[in-house]
Amino acid sequence: MTDTIQYQVDGEGIATFTIDLPGRSMNVLTDQLLKDLEQLVDQSLADDSVKGVLITSGKDAFLAGADLTWLVQVYGSGISAEDLYKRNRTYTDILRKMETGGKPFACAINGTCLGGGLELALGCHYRVVVDHPKAVLGLPEVQVGLLPGAGGTQRLPRLIGIQPALELITQGKHVKPGKALELGFVDAVVPADQLISAARDWLLGEPDAEQPWDKKGFKVPGGAGAFHPKAVQTFMAGSAMIAEKTRHNYPAPIAIMSCVYEGTILPMDKALQIESKYFTSLMMDPVYRNMTRTLFINKGAADKLVRRPKDVERLDVKKLGMLGAGMMGAGIAFVSARAGMDVVLLDTSKEAAEKGKDYSRGLLKKAAERGRMSPEKAEQILSRIHTTDDYADLEGADLIIEAVFESREIKADVTAKTEAVIPESSIFASNTSTLPISGLAEASKRPDQFIGLHFFSPVDKMPLVEIIMGEKTSQETLAKSLDYVQKIRKTPIVVNDSRGFYTSRCFSTYVNEGQALLKDGVHPALIENAGLLAGMPVGPFAVQDEVTLDLGVKVYKQTKLDLGDDYQPPSAIDVMLKMNDDLERKGKRFGAGFYEYPEGGKKYLWPGLAEHFPPAAEQPDVEEVKTRLLYIQALETARCFEEGVIVEPADADIGSIFGWGFPPWTGGTLSFIDTVGVREFVAECDRLAAAYGPRFEPTPGLRARAESGEAFYPRADQAQDRAA
Ligand code: NAD
6 MTDTIQYQVD
16 GEGIATFTID
26 LPGRSMNVLT
36 DQLLKDLEQL
46 VDQSLADDSV
56 KGVLITSGKD
66 AFLAGADLTW
76 LVQVYGSGIS
86 AEDLYKRNRT
96 YTDILRKMET
106 GGKPFACAIN
116 GTCLGGGLEL
126 ALGCHYRVVV
136 DHPKAVLGLP
146 EVQVGLLPGA
156 GGTQRLPRLI
166 GIQPALELIT
176 QGKHVKPGKA
186 LELGFVDAVV
196 PADQLISAAR
206 DWLLGEPDAE
216 QPWDKKGFKV
226 PGGAGAFHPK
236 AVQTFMAGSA
246 MIAEKTRHNY
256 PAPIAIMSCV
266 YEGTILPMDK
276 ALQIESKYFT
286 SLMMDPVYRN
296 MTRTLFINKG
306 AADKLVRRPK
316 DVERLDVKKL
326 GMLGAGMMGA
336 GIAFVSARAG
346 MDVVLLDTSK
356 EAAEKGKDYS
366 RGLLKKAAER
376 GRMSPEKAEQ
386 ILSRIHTTDD
396 YADLEGADLI
406 IEAVFESREI
416 KADVTAKTEA
426 VIPESSIFAS
436 NTSTLPISGL
446 AEASKRPDQF
456 IGLHFFSPVD
466 KMPLVEIIMG
476 EKTSQETLAK
486 SLDYVQKIRK
496 TPIVVNDSRG
506 FYTSRCFSTY
516 VNEGQALLKD
526 GVHPALIENA
536 GLLAGMPVGP
546 FAVQDEVTLD
556 LGVKVYKQTK
566 LDLGDDYQPP
576 SAIDVMLKMN
586 DDLERKGKRF
596 GAGFYEYPEG
606 GKKYLWPGLA
616 EHFPPAAEQP
626 DVEEVKTRLL
636 YIQALETARC
646 FEEGVIVEPA
656 DADIGSIFGW
666 GFPPWTGGTL
676 SFIDTVGVRE
686 FVAECDRLAA
696 AYGPRFEPTP
706 GLRARAESGE
716 AFYPRADQAQ
726 DRAA
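Shown next, in the form of structure tokens:
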């Protein structure tokens, strides 16, 4: 018996390790578990009465992989590559000891088995999996910027062949037990009540088990090495595909390819050394730290409502009033009905509201046709959406979301009409994309119950909701709004009021910088490609065309009207005005923008751009264009932070990646500054400001940080102090 593993030897000499981490709902690989595993492996190999070892888990899942909170602390902790390599060898060595120790090991996989969990199973001589619909197996390390560092890149290809193994490892895919059996990396799939006996029977029948790769004459299924035509093809095509997909921003997939390529032509012990070296090099690179921290730890905390004020009773929204059944209203109605709420979908006429409901009809029909949902369930969801043009139907709604036209007057009008019928306790949220919440709240009798819930389009696909606190919004309203966002299974960030809030404001700097580059004579294709190479999902012109120049010009004109002389327009507004007003190229929806949209054909950059924005004779280096496009977004985020629009760096990072597609390898806009180093970031901004204009001026706060060396996130060792 150890802290994390129960140990038992039965009358027939079968030792059972039952992994069961105390105080955790899920088994994860911790330092303690590794220590305990090593101790028990040594003990059972040394004990003559032990004939074989059965490994299983005492929880619903088997083992879900590494402890991410530990993992994220490694980068920046000051550990040397040499020490890290040694440390990374611990698990590898235990598994190698198991498979070469002269006794059979069998793994009874009783549920989900991922990452280091699957590596443990692969280190056993036999793997039997429970037949359960929820059980999945896979090596998802690539999703956190890493590779399976305890033999996964070596044992899987040796079991199932290079190509299928690479597919699983480079994409981090999960498979169900049946598929794992078909692929050949588990030996049997059995009902839960036969799991342990199947593993035991095998152990008793195979006292001399050996791994296939430790037998003389072993060959990787399907072939390996530089001279095997099939393997060569796989590596050539695979490297090209990865380069296209990752644009060289993510080191893990290529490191995985290298491990498999180099490792599969070597004996296992040498191969494991290769893997450990690549694994260590990935852990010395900030990309894995950035991805793990933002995409898993901080996003996980946001999903669990880390920003929710305590001591407020939970609100379980049962009835939602949705004002406006246009593009956004229709989407919000759908996700809310899907989450079990009754939705009153109100528009200026019943017909208009029904049109909004058609959106759900379409999505549900597709889901039912593709077998993703039963027709009964689809019908049930649809029946929860009640269309109307009568405000009286909103009576009893716990929450109202407004998504009518972007007009202050219309929004004020619907606010007053709604508040006349809803309970005093109801919350009123606006989905405005540009109008400050505190201003809209003036139309409300209860501004403390007025809040911004900014959704992204298309609502059913986009994972983020930006919650905006007005000046008078209460903590209780915030807490209850967070409850709603959790219920519809979206990720919330919480920001303070500002024109464009956080996401629209920072995102707009990306498209503006694209247009500023065009004005500077940079070739449009170079600008678009630089955006993509930096890791943005879409180039700045393509995305401007999507949201339309028409909308951009409308927002500009309204803001100018609102702010008068105080308004500092975007530096390249003249480009947008020329395109939209003079050349009538208003965006994709209008059939023409920065791109041409030939009917039935593929879009291409409008050749006329060359006439109106002639390219300079000398073009900049692509790195310079990437720098301008990324830095301007990060700098605007730093401004939001200093103005108090952003309170928590995690909100900035999550919002940037999930809201507008800032590259995940950076960990988000503020992690990007930390990764570059605040001092280096400020120096680079000074250079950019001198070359391209004052929009690149670093903020006073950034200068102060550069002086003191304080990052947005505490260093790994300081974070540990804080947690303790
Ligand atoms: P839309 O034009 O598609 O829909 C607006 C709907 O509101 C229409 O169906 C219209 O009939 C209805 N409407 C207008 N006046 C009304 C009234 N007095 N009472 C009831 N219904 C009324 O617009 P949309 O794109 O869905 O945007 C709606 C809101 O969401 C706007 O405030 C917009 O800024 C915001 N928003 C839009 C996006 C986006 O990507 N489109 C993203 C985030 C937020």
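The number in the working numbering is simply the position in the sequence shown, starting from 1, with 5 added. In this text, a Cβ means the ideal position worked out from N, Cα and C, and glycines have one as well.
- Residue side-chain check: G331 places its Cβ nearer than 8 Å to a non-hydrogen atom of ligand 1.
- Contact between the segment 697-711 and the segment 322-342 is absent: fewer than three C-beta pairs spanning the two stretches fall below 8 Å.
- Residue burial is scored here from C-beta neighbours: T105 has fewer than 16 other C-beta atoms within 10 angstroms and is therefore classed as exposed.
- It is roughly 41 Å from the alpha-carbon of S576 to the alpha-carbon of V79.
- Within 10 angstroms of the beta-carbon of S412 lie fewer than 16 other beta-carbons, which makes it exposed.
- A residue is called buried once 16 or more other Cβ atoms fall within 10 Å of its Cβ, and F410, having fewer, is exposed.
- In the structure shown, the three-state DSSP call for G143 is strand.
- Under DSSP, V14 shares a beta bridge with A20.
- Pairing T353 with G329, the inter-Cα distance amounts to about 8 Å.
- In the DSSP annotation of this structure, the continuous segment of the alpha helix (DSSP H) that includes C264 starts and ends at P256 to G268.
- Burial state of W75 is exposed, judged by a 10 Å Cβ sphere holding fewer than 16 other Cβ atoms.
- Per the coordinates, the alpha-carbon of S661 lies some 12 Å from the alpha-carbon of I651.
- Excluding the 5 residues flanking it on each side, T299 has same chain C-beta neighbours closer than 7 Å at D658, I659, I662, G672, G673 and S676, in chain order.
- By alpha-carbon distance to K304, the top candidate from G664, A622 and D219 is G664.
- Judged by beta-carbon spacing, D47 lies beyond the 9 Å limit of K91, meaning their Cβ atoms are not closer than that value.
- Counted as a single uninterrupted DSSP element, the stretch harbouring C690 is not any beta strand (DSSP E) but the alpha helix (DSSP H) occupying residues V683 to Y697.
- By the C-beta density criterion, Y636 is buried, having at least 16 other C-beta atoms within 10 angstroms.
- For C129, there is no enclosing alpha helix (DSSP H), since its DSSP letter is neither H nor E.
- In the DSSP assignment, L350 falls within the beta strand (DSSP E) that extends over D347 to L351.
- For the set K220, V348, V311 and L171, the Cα lying nearest the Cα of C264 is the one of L171.
- At least one heavy atom of ligand 1 lies closer than 8 Å to the C-beta of G334.
- L59 is bridged by DSSP to T21 and A111.
- In the structure shown, Y609 adopts extended strand secondary structure according to DSSP, grouped into three states.
- When the alpha-carbon of P428 is set against those of A397, Q199 and S438, the nearest one is in A397.
- Rounded to the nearest whole angstrom, the C-alpha separation of A51 and F240 is 42 Å.
- Take G156, set aside five residues on each side of it, and the residues of its chain with a beta-carbon closer than 8 Å to its own are T97, L100, R101, E124, L127, G128, L277 and E280, in chain order.
- In the structure shown, T35 falls within a coil segment according to DSSP collapsed to helix, strand and coil.
- Rounded to the nearest angstrom, the gap between the Cα atoms of G227 and Y266 is 13 Å.
- Assignment of beta-bridge partners to N501 by DSSP yields M474.
- Judged by beta-carbon spacing, P291 lies beyond the 9 Å limit of G592, meaning their Cβ atoms are not closer than that value.
- No Cβ-Cβ contact shorter than 9 Å links P705 with L640.
- Here the alpha carbon of E648 sits roughly 40 Å from the alpha carbon of G613.
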